[in-house]
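Please read the structure below before turning to the comments.
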Amino acid sequence: MKRTVRRLPRLAVGAGALATVLTLNACGSDSSDDAGSGGEGGDGLEGATIVVSTFPFGVEDFEANVVEPFEEATGATVEIESGSNADRLTQLQLAGGDPGIDVMLISDTFAALGQDQGLFQEFDSGDVPNLDAIAEFAADDAYAGPAYTYQLNGVLYRTDQLSAEEAADWSVFGDPAYSGKVALPDISATAGQLTASGIGEQFGDGPYDMDTAFETMGGWSSGVLQFYSSTTEVTNLISQGEIAAVPTISAFVPPLIAAGEPVDWVPPAEGRYLATNRLMVPDGAPNTAGAYAFIDYMLSVEAQQASVESDLPVNPEVAPSETFAELMGEAATDPIAAGYQTLDPRQLVDNRTEWVERFAREVSGG
């Protein structure tokens with residue numbers, strides 16, 4: 013079916029995917045409010061509308077791999093809205109408890125910020141049975157909603173200038189031999205906090221030792237060509253040979269390798285952290301039963317398998333794509349066993365404003 017994806021210039025929202033044949037009773041609710049417009053009560057989701065807010069990239073794959081099979085199975089209609097994490101969270105703040113969105117796909121940092129403000133509601137495996145089927149880190153109860161995929165932080169490097177062992181050591185970014193040939197992420201980028209925490213672990217007292225991390229990175233700043241905020245910048249810098257190494261998340265590396273660039277990606281030897289994308293239900297969602305059904309489907313073997321070319325699966329019954337497996341090894345199937353950790357959302361929420369201001373002052377502004 014032809015679908016219109018709504019995008020707002022600054023307050024973009026994502027609406028979108030209804031997934032799997034689940035009755036309203038199986039979703040843990042039998043109220044008429046939860047059924048949404050056009051629903052058929054406890055009999056199913058036929059005719060219901062589910063609004064899903066998602067990221068501005070990969071929407072076509074999301075529709076083909078998740079939304080359309082879900083609609084076919086349930087008879088529901090999925091509307092999709094898209095936008096950046098920040099804009100969509102701002103929209104929820106302005107919605108006053110009437111978001112018009114049932115499910116939001118959002119990065120973990122913004123999920124944590126939103127739930128701290130009471131913008132997301134909690135649910136459990138009684139509502140979404142597949143919560144019991146996913147990896148423990150993905151079902152982390154520090155968040156109101158589960159992860160459906162994750163990204164590993166590591167170092168993208170030029171194989172014609174560095175070895176994997178050299179690139180895996182954070183100190184390469186302060187090596188005079190590569191002065192002016194490295195880039196670092198701004199702390200606002202997904203890789204930014206993961207990198208700062210990795211450096212805090214290697215050189216300081218742990219992932220939240222930003223005193224040591226910022227002092228170390230500030231000492232390197234004169235040799236850093238650029239502090240980037242987008243993956244487009246990373247792609248251009250590394251492809252054009254302007255830099256030899258840059259920390260970045262794993263999701264954006266396979267296309268570079270497939271294009272034949274002399275690049276590879278390696279997990280850091282120490283200080284390995286991952287980020288997650290999560291499935292959240294906004295407070296005041298008009299169709300919570302549909303939201304639970306869609307989330308349950310996104311965590312299912314069927315949906316996770318259909319998305320492996322773009323997303324690392326959190327359902328252990330699904331193997332990662334060959335591309336991701338070759339790139340990341342064990343970390344593509346069990347990141348925790350491979351030494352990766354998640355960051356405490358409480359630490360991120362409580363310190364984010366201060367850390368962003370300090371990074372600009374002590375690191376990128378130095």
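So the sequence shown is numbered by our numbering: it starts at 13 and just counts up by one.
Yeah, the Cβ is synthetic: ideal placement off N, Cα and C, and Gly gets one too.
Q173 has its alpha-carbon roughly 43 Å from the corresponding atom of A145.
Judged by their CB atoms, F132 and D276 are not nearer to each other than the 9 Å cut-off. Fully enclosed beta strand (DSSP E) runs of no fewer than 3 residues occupy 275-278, 286-294 of the segment 273-326, in order along the chain.
Counting C-beta atoms within 10 angstroms of its own C-beta, L106 has fewer than 16 neighbours from the protein chains shown and is therefore classed as exposed. Minimum Cα-Cα distance from N299 among the listed residues T86, I113, T121, G126 corresponds to I113. In the DSSP annotation of this structure, L360 is not part of any beta strand (DSSP E); the continuous alpha helix (DSSP H) holding it starts and ends at 357-370.
By the Cβ-count criterion, D223 is exposed, with fewer than 16 other Cβ atoms from all chains shown falling within 10 Å of its own Cβ. Y155 sits in coil when the DSSP states are folded into three classes, being neither helix nor strand.
Shown here for V361: same chain residues with a beta carbon closer than 7 Å to its own, the five before and five after excluded, namely A124, L125, D128 in chain order.
In this structure, G216 sits away from F371, with a CB-CB distance that is not shorter than 9 Å. Pairwise C-beta distances place the segment 149-169 in contact with the segment 321-334, as three or more of them are shorter than 8 Å.
Closest in C-alpha terms to A88, from the list P111, G95, T66, I62, comes I62. When C-beta atoms of the segment 302-317 are compared with those of the segment 133-143, three or more pairs fall below 8 Å, so the two segments count as touching. The alpha-carbon separation between S65 and S94 amounts to approximately 6 Å. Between the alpha carbons of D99 and F69 lies a distance of about 14 Å.
A straight-line Cα-Cα distance of about 8 Å links Y220 and E213. CA-CA distance, Y190 to T171, rounds to 14 Å. Between R358 and the set L206, L286, Y155, the nearest pair of CA atoms involves Y155. Within 10 angstroms of the beta-carbon of R373 lie fewer than 16 other beta-carbons, which makes it exposed. Rounded to whole angstroms, the gap between the alpha carbons of T202 and T335 is 22 Å. Annotated three-state conformation of Q252 is coil, per DSSP. Under the 8 Å Cβ criterion, the segment 231-247 counts as touching the segment 194-201, having at least three qualifying pairs. When the alpha-carbon of L206 is set against those of A180, Y304, L168, L164, the nearest one is in L164. Of the residues assessed, P280 falls on the buried side of the cut-off, its CB having 16 or more other CB atoms within 10 angstroms. Under the DSSP definition of a beta bridge, P259 partners with V167. Note on geometry: alpha-carbon atoms of V293 and E178 lie some 43 Å from one another. Of the residues N77, R284, F264, the one whose Cα lies closest to the Cα of Y352 is R284. For I255, the closest alpha carbon among the candidates L286, A270, N289, Y169 is that of Y169. Close CB contacts of V313 within its chain, under the 7 Å cut and outside five residues either way in sequence, are with N327, E329, V330 (chain order).
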